[in-house]
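Enquirer: Numbering (my numbering), first residue to last: -17 to 352.
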Ligand SMILES: *Cc1c(COP(=O)(O)O)cnc(C)c1O
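1) Indicate, with yes or no, if ligand 3 has a heavy atom lying under 7 Å from the CB of residue 142.
2) Should residue 145 be counted as a contact of ligand 1 given a C-beta to heavy atom distance under 7 Å?
3) Using a 10 Å radius around the Cβ and a threshold of 16 neighbouring Cβ atoms, would you call residue 353 buried or exposed?
4) In whole angstroms, what separates the C-alpha of residue 20 from that of residue 218?
5) Kindly indicate the opening and closing residues of the beta strand (DSSP E) around residue 270.
6) Between residue 227 and ligand 1, is there a pair consisting of the residue's CB and a ligand heavy atom that are separated by less than 7 Å?
7) So, for residue 214: in the same chain, excluding its five sequence neighbours on each side, which residues have a beta-carbon less than 6 Å away from its beta-carbon?
8) By the three-class DSSP mapping on this structure, what secondary structure does residue 311 have?
9) Kindly examine ligand 1 and report whether one of its heavy atoms sits closer than 7 Å to the Cβ of residue 166.
10) Would residue 7 pass as a contact of residue 223 if the rule is Cβ separation under 8 Å?
11) Alpha carbons only, please: which of 124, 282, 157, 263 is nearest the one belonging to residue 31?
12) Please report the straight-line C-alpha distance between residue 300 and residue 5, rounded to a whole angstrom.
13) What residues in its chain sit with their C-beta under 7 Å from that of residue 339, if we drop five residues either side in the sequence?
14) Quick check: the Cα distance between residue 100 and residue 189, rounded to an integer number of angstroms?
15) What are the residues that DSSP puts in a beta bridge with residue 95?
16) Which residues mark the beginning and the end of the beta strand (DSSP E) in which residue 36 is found?
17) Would DSSP call residue 116 helix, strand or coil?
18) Are at least three pairs of beta-carbons, each pair with one atom in the segment 73 to 90 and one in the segment 244 to 258, less than 8 Å apart?
19) On a Cα-Cα basis, can you pick out the residue from 33, 53, 178, 173 that is closest to residue 62?
20) Sorry if obvious, but does the Cβ on residue 174 come closer than 7 Å to a heavy atom of ligand 1?
21) Between which residues of its own chain and residue 220 is the CB-CB distance below 6 Å, once the five residues before and five after are set aside?
22) Can you give me the Cβ contacts of residue 107 inside the same chain, cut-off strictly under 7 Å, excluding the 5 residues immediately before and after it?
23) Using 8 Å as the threshold, is the C-beta distance between residue 149 and residue 265 below it?
24) List the DSSP bridge partners of residue 25.
25) With a Cβ-Cβ cutoff of 8 Å, do residue 67 and residue 116 count as a contact?
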């Protein structure tokens, strides 16, 4: 293992470029003495709703809390089922299980790595209360197909847009392409805070009120609790940081898009599968993930040359020990199993420079011809 010569995500470089504004925004929150919710969070919610193009944005303490709150608002509980993808971060299935409901997994599509709409309909039983597609790596899922199947059955769709904030689908922003959506502002997501934070978006004001109640202990007025909720509140320092970064997001996303297409251009002749992209469906490029045979050998050769990589995700959600009691048979998920074994994420951020990227490309070429 050699010293890293290209950062996987360069949060420090991003901070350096925004330092005076970020420092002033944080100092102003500290001086105000309002640390939880308050005017910074309210302003952020307005700006996020405007950016995305939905009538409602409810802030949350994390993306995971946002999923939990959305499921609680839909009344998901014991005996219910919620359909989702097994090729994602654990949070969606985890929150479904936490509420006593059963996560039902649908295999993914080979090209997009997203929940396969052709397999969705037959996975929706009478017990199904919601469907959670994930816009993986920043690219929106097949939302028209999914919305149509679920619309016919009157089942709400929650887009897990934790990785796709800033992406677009047929001209609309991710988070505005389903009835409900959630996102995460975990520091390494396309719009990252300096701690945990998240948000929920929806089209319906009545549902929005319910989400807001649940997010804050079921109270709209202090000490007057209407429903059982959670402490899912965002803190004001995160909101202040996010407001500064949101103003730069469009530029940051276009830098990520530029670097993604530059990767694809330089890697196109190698024996690997490159991620897909199109004008109709732009990605926020949370990850640039290739498929490669003999992944562990390639990872090792890259690491020896100082190039960090990451695997999103090495094993399917249903294979996690925490969900063993579901008794799910991996044979029903051939695509997920295959992609888990081949996927490899390369360094990607808006701060990635062309010369850094050239080092990644050269190292990969060396790994694949040796
Ligand atoms: C990051 C992530 C989450 C969870 O968000 P947190 O803010 O870390 O709780 C949920 N779903 C997906 C797909 C994610 O990538």
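Positions of the beta carbon are idealized from the N, C-alpha and C atoms, including for glycine.
Expert: Let me lay it out:
1) As far as ligands go, the structure on display features ligand 1 and does not contain ligand 3.
2) By 1-based counting over the chain shown, the position of residue 145 is 163. The answer is yes for residue 145.
3) Any question about residue 353 goes unanswered here, given that the chain covers just -17 to 352.
4) Locating residue 20 in the chain shown gives position 38, where the first residue counts as 1. Locating residue 218 in the chain shown gives position 236, where the first residue counts as 1. C-alpha separation (whole angstroms): 7 Å.
5) Numbered from its first residue, the chain shown carries residue 270 at position 288. That run of the beta strand (DSSP E) goes 270 to 273.
6) Position 245 of the chain shown, counted from the first residue, corresponds to residue 227. Every heavy atom of ligand 1 is 7 Å or more from the Cβ of residue 227, so no.
7) Translated into the one-based positions of the chain shown, residue 214 becomes position 232. The residues are 42, 43, 47, 51, 197.
8) Within the chain shown, residue 311 is the residue found at index 329, counting from 1. Residue 311: coil per DSSP, three-state reduction.
9) Residue numbering aside, residue 166 sits at position 184 when the chain shown is read from its first letter. Flag set: Cβ of residue 166 near ligand 1.
10) Reading the chain shown from its first residue, position 25 is the one you call residue 7. Reading the chain shown from its first residue, position 241 is the one you call residue 223. Contact flag set, yes.
11) On the chain shown, position 49 is the one that residue 31 refers to. Measuring from the Cα of residue 31, the nearest candidate turns out to be 157.
12) Translated into positions along the chain shown, residue 300 becomes position 318. Translated into positions along the chain shown, residue 5 becomes position 23. Cα-Cα distance, rounded: 42 Å.
13) Indexing the chain shown from 1 puts residue 339 at position 357. The answer, listed in chain order, is 241, 244, 245.
14) The count along the chain shown starts at 1 and reaches residue 100 at position 118. The count along the chain shown starts at 1 and reaches residue 189 at position 207. The straight-line gap from Cα to Cα measures roughly 29 Å.
15) Along the chain shown, one-based indexing puts residue 95 at 113. Its beta-bridge partners do not exist; DSSP assigns none.
16) Residue numbering aside, residue 36 sits at position 54 when the chain shown is read from its first letter. For residue 36, there is no enclosing beta strand (DSSP E), as DSSP gives it neither H nor E.
17) Here residue 116 corresponds to residue number 134 of the chain shown, with the count starting at 1. Reduced to three states, the DSSP call for residue 116 is strand.
18) no
19) Counting from 1 along the chain shown, the entry for residue 62 is found at position 80. Check the Cα spacing between residue 62 and each of 33, 53, 178, 173: the tightest is with 53.
20) Stepping through the chain shown from its first residue, residue 174 is reached at position 192. Residue 174 Cβ: outside cutoff for every heavy atom of ligand 1.
21) The count along the chain shown starts at 1 and reaches residue 220 at position 238. Excluding residues within five positions, the ones whose Cβ falls inside 6 Å are 175, 177, 179.
22) Against the chain shown, residue 107 aligns to sequence position 125. Cβ within range, chain order: 63.
23) Reading the chain shown from its first residue, position 167 is the one you call residue 149. Reading the chain shown from its first residue, position 283 is the one you call residue 265. Yes; because the gap between Cβ atoms is below 8 Å, this pair is in contact.
24) The residue given as residue 25 occupies position 43 in the chain shown. BP columns for residue 25 are empty, so no partner.
25) The residue you call residue 67 lines up with position 85 of the chain shown. The residue you call residue 116 lines up with position 134 of the chain shown. Yes, the pair counts as a contact, with Cβ atoms nearer than the cut-off.
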